[in-house]
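> Before I ask anything, let me first share the structure, which is written out below as C-alpha cells.
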Amino acid sequence: MDDERATLLFSPSAAEILQADFPGWLIWRDFKPEGEHGDWCARRHTSSPSPDAVVLRHTDLEGLRELLESHEKQQEQEGRDD
Numbered sequence: 801m802d803d804e805r806a807t808l809l810f811s812p813s814a815a816e817i818l819q820a821d822f823p824g825w826l827i828w829r830d831f832k833p834e835g836e837h838g839d840w841c842a843r844r845h846t847s848s849p850s851p852d853a854v855v856l857r858h859t860d861l862e863g864l865r866e867l868l869e870s871h872e873k874q875q876e877q878e879g880r881d882d
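Everything in the sequence shown is counted per the numbering used here, starting at 801 for the first residue and increasing by one.
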C-alpha cells in the first residue's frame, strides 16, 4: 500500500485528534433516548469521577474544542486544575 493511500485509510478522526489535543479529558458522544447521536461531551479524566465533575457538552466537535480551550484558560487564570 502506498503512503498516500495509507494516509487516506488510516488518518485519525476529528474526535481522535481532539482527544490527543486534550489528553486530560475523557471525550465521548452521548446518545439520545431514541438511540440517535447526541452531544459531544468531555470531562476531566480522573481515577474516581466526582458526581459534581464538570461535563462540557456541544453539538459538534469544533464547539466542544472551543469549550475545552475556554475552560482550560479559565482554570489556568484561577490557578486551578479541575
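For each residue, glycine too, the CB sits at the ideal point set by N, CA and C.
What do you reckon, are the CB atoms on A814 and L861 nearer than 9 Å?
Yes.
> What is the rounded straight-line gap between the Cα of A842 and the Cα of L864?
Taken atom to atom, the span from the alpha-carbon of A842 to that of L864 is near 8 Å.
> Could you have a look at A853 and say whether DSSP puts it in helix, strand or coil?
coil
> List the whole-angstrom C-beta distance separating R838 from R829, where the pair is believed to meet the contact cut-off of C-beta under 8 Å.
Just to set this straight, residue 838 is Gly in the shown sequence, not Arg. G838 to R829, Cβ: 7 Å. Contact.
> With distances taken between CB atoms, is the gap from L856 to H871 smaller than 9 Å?
yes
> Buried or exposed for L868, going by 16 or more other Cβ atoms inside 10 Å?
buried
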